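*Asks:* Numbering (the numbering used here), first residue to last: -6 to 298. Don't be surprised by glycine CBs; every beta carbon is placed ideally from N, CA and C. In this text, all values refer to a predicted model and were calculated from it rather than measured experimentally. One structure is given below, represented as structure tokens, and several questions about it will come after.
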Amino acid sequence: MQRHRHGFTLIELLVVIAIIAILVGLLLPAVQKVREASSRTKCQSQMRQLALACHAYHDANNVLPPGCVTDQIGSDVHFPDRRTWLHMTMPFYDQQAIYNNMAWQLQANVPFWSSESDRAIPIKMLVCPSDPNGGKNVTINSEANQGFHSNYACNSGNSSFNPGSSIGDDLKGVMFARSKIPFTTISDGTSNTLMLSELLVSPDVNGHDVRGRVWNNARQGGSWITTVVVPNTTIADRLNYCQPIPKAPCTSTTTDITLAARSGHGGGVNASLADGSVRFVRDSVNGTVYFNLGGRADGQSPGDY
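Structure, rendered in structure tokens:
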């Protein structure tokens, strides 16, 4: 009787391994695509909550929150009030405790950004999971930890933050230094005017990067964006304290401060209009259309985007 051995030959094993490798190679992009779609949806949901918080602030104060409270964007002031729109809306996105502690510190003439307990707390709703650096709260100087950073920014308009001066308190957007913009003055229409968008956070490599910084924002507009350039542009941001990275280049400067909307999503950024609606604005948007989206009362309709 002839005995038969059952098993795979080396060639058969290699073929099976090759097939598995091909299937894994086909599956991974699909998994990544699903994961990014989930992250993008979560970012849109968080932005919608922030937009509603801005509307709630308007309901309580008859104006939108200021981009930042201080009017000293370029100069150093003893114990300046460095609150931004993110702080002013805290009671409306379930951060009342942090807001109350910050208010107490301001009343006591204590710089609220020095509160290690508050600035170390990551507010997950302010971090987009599509940004690999999102939620950063470690800086180059461990003795002066600058707290966590947010991926969401307000629309200051369609110009630099400090056109012709060091004061950014007369811009064309809806939130900027000392701004008090009621919906009634958005004559271009709340559905035609940008209110919020996204930005990417950069690690502090050789120095500080204040893009997205919530605490101690250096009063330069680190939580604002402009529509001077289209989203995710290769043109570098301009900011005093910044560290360039491939998807968020930046030139360190104190003049013509501008930040572009940027995100970790493929092909565009999430954006909230002043009416509270959220949509996806593609990188391929017409530059003029996007520029007009940044102005609240310039008489220009943004058009299709």
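Please work out which residues of its chain come closer than 6 Å, Cβ to Cβ, to Asp69, disregarding the five sequence neighbours upstream and downstream, and give them in chain order.
*Replies:* Only weak support is given to the placement of Asp69: the predicted model assigns it a pLDDT of 49, under 50, and the value that follows is read from those uncertain coordinates. Excluding residues within five positions, none has a Cβ falling inside 6 Å.
*Asks:* Going by beta-carbon coordinates alone, are Leu3 and Val207 separated by less than 8 Å?
*Replies:* No, these two residues do not count as a Cβ contact at 8 Å.
*Asks:* Indicate whether Asn151 and Phe284 have their beta-carbon atoms separated by less than 8 Å.
*Replies:* Against a cut-off of 8 Å, the Cβ pair of Phe284 and Asn151 comes out as a contact.
*Asks:* Tell me, to the nearest whole angstrom, how far the beta carbon of Ile238 is from that of Ser195; I am working on the premise that it is less than 8 Å.
*Replies:* Their Cβ separation, rounded to whole angstroms, is 5 Å, which keeps Ile238 and Ser195 in contact under 8 Å.
*Asks:* Over the uninterrupted alpha helix (DSSP H) stretch that includes Val282, give me the two end residues.
*Replies:* Gly280 to Leu286 is the extent of the alpha helix (DSSP H) around Val282.
*Asks:* Suppose you measure from the CA of Gly60 to the CA of Ser123; what does that come to, to the nearest Å?
*Replies:* Looking at the two C-alpha atoms, the distance is approximately 24 Å.
*Asks:* Taking only the alpha-carbon atoms, compute the straight-line gap between Thr96 and Met81 and give it to the nearest angstrom.
*Replies:* The sequence shown places Ala at residue 96, rather than the Thr named in the question. If you take the alpha carbons of Ala96 and Met81, they lie about 10 Å apart.
*Asks:* Output the boundary residues of the beta strand (DSSP E) element that contains Ala264.
*Replies:* Gly261 to Leu266 is the span of the beta strand (DSSP E), which, as asked, contains Ala264.
*Asks:* Do Thr220 and Gly128 have their CB atoms nearer than 8 Å?
*Replies:* Their beta carbons are not under 8 Å apart, which means Thr220 does not touch Gly128 by this criterion.
*Asks:* Check whether the Cβ atoms of Ile250 and Gln213 lie closer than 8 Å to each other.
*Replies:* Result yes, Cβ atoms of Ile250 and Gln213 sit closer than 8 Å.
*Asks:* Which of the three DSSP states is assigned to Leu7 in this structure?
*Replies:* Reduced to three states, the DSSP call for Leu7 is helix.
*Asks:* Taking the beta carbon of Pro224 as the centre, do at least 16 other beta carbons fall within 10 Å, making it buried, or is it exposed?
*Replies:* So Pro224 counts as buried.
*Asks:* Quick one: grab the DSSP three-state call for Trp217.
*Replies:* If DSSP states are grouped into helix, strand and coil, Trp217 belongs with the strands.
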